[in-house]
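First the structure, in the form of structure tokens, and then the observations on it.
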Amino acid sequence: MFIYFYLVVFIIAIIFFSKFQFGHEGKDERGQIILNRSYTIIFPMFIIGWIIIRLIEDFVMPLDGDDWRMAMWYLITGIMILHSFLIYVFRRIY
Numbered sequence: 003m004f005i006y007f008y009l010v011v012f013i014i015a016i017i018f019f020s021k022f023q024f025g026h027e028g029k030d031e032r033g034q035i036i037l038n039r040s041y042t043i044i045f046p047m048f049i050i051g052w053i054i055i056r057l058i059e060d061f062v063m064p065l066d067g068d069d070w071r072m073a074m075w076y077l078i079t080g081i082m083i084l085h086s087f088l089i090y091v092f093r094r095i096y
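Each residue of the sequence shown is one higher than the one before, counting from 3 in our numbering.
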């Protein structure tokens with residue numbers, strides 16, 4: 003049940019991000035400020051997530067192929083959802 007809800011949220015985030023990124027609003031100066039501000043938060047979160055997954059693998063439990071793939075899937079999709087949410091918030095602020 004959770005995975006279906008997560009997939010719906012992820013698809014909505016992809017649509018929202020694509021409409022902003024490739025639409026008129028993402029190409030003007032305000033859109034570039036919003037995207038750059040969002041990217042400055044998202045990129046370190048990706049690195050931190052990667053490090054956390056590596057630390058879990060090294061110190062808590064080894065991850066097999068499926069676990070590693072699921073961890074990366076949740077990291078990448080979670081970052082995309084957060085990125086879309088930040089764009090939504092920054093559109094309200096700027």
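All C-beta atoms, glycine included, are put in the ideal place defined by N, C-alpha and C. Quick caveat, the model's predicted, so the values are computed rather than measured.
- By the criterion of a C-beta distance shorter than 7 Å, Ile43 is surrounded in its chain by Leu88, once the five residues flanking it on both sides are discounted.
- DSSP, read as helix, strand or coil, puts Lys29 in coil.
- In the DSSP annotation of this structure, Phe61 is not part of any alpha helix (DSSP H), being labelled neither H nor E.
- Taking every protein chain shown into account, the CB of Gly33 has 16 or more other CB atoms within 10 angstroms, so this residue is buried.
- Exclusion of the five residues before and after Ile55 leaves Ala73 as the residues of its chain whose Cβ lies within less than 6 Å of its Cβ.
- Annotation: the continuous alpha helix (DSSP H) that includes Asp69 extends over Gly67 to Ile95.
- Its chain contains Glu59 as the residues whose beta carbon lies nearer than 6 Å to that of Leu65, once the 5 sequence neighbours on both sides are disregarded; these appear in chain order.
- Its chain contains no residue whose beta carbon lies nearer than 6 Å to that of Trp70 once the 5 sequence neighbours on both sides are disregarded.
- If you ignore the 5 residues before and after Ile49, its C-beta comes within less than 8 Å of no other C-beta in its own chain.
- The residue among Gly80, Gln23 and Ser20 with its C-alpha nearest the C-alpha of Phe7 is Gly80.
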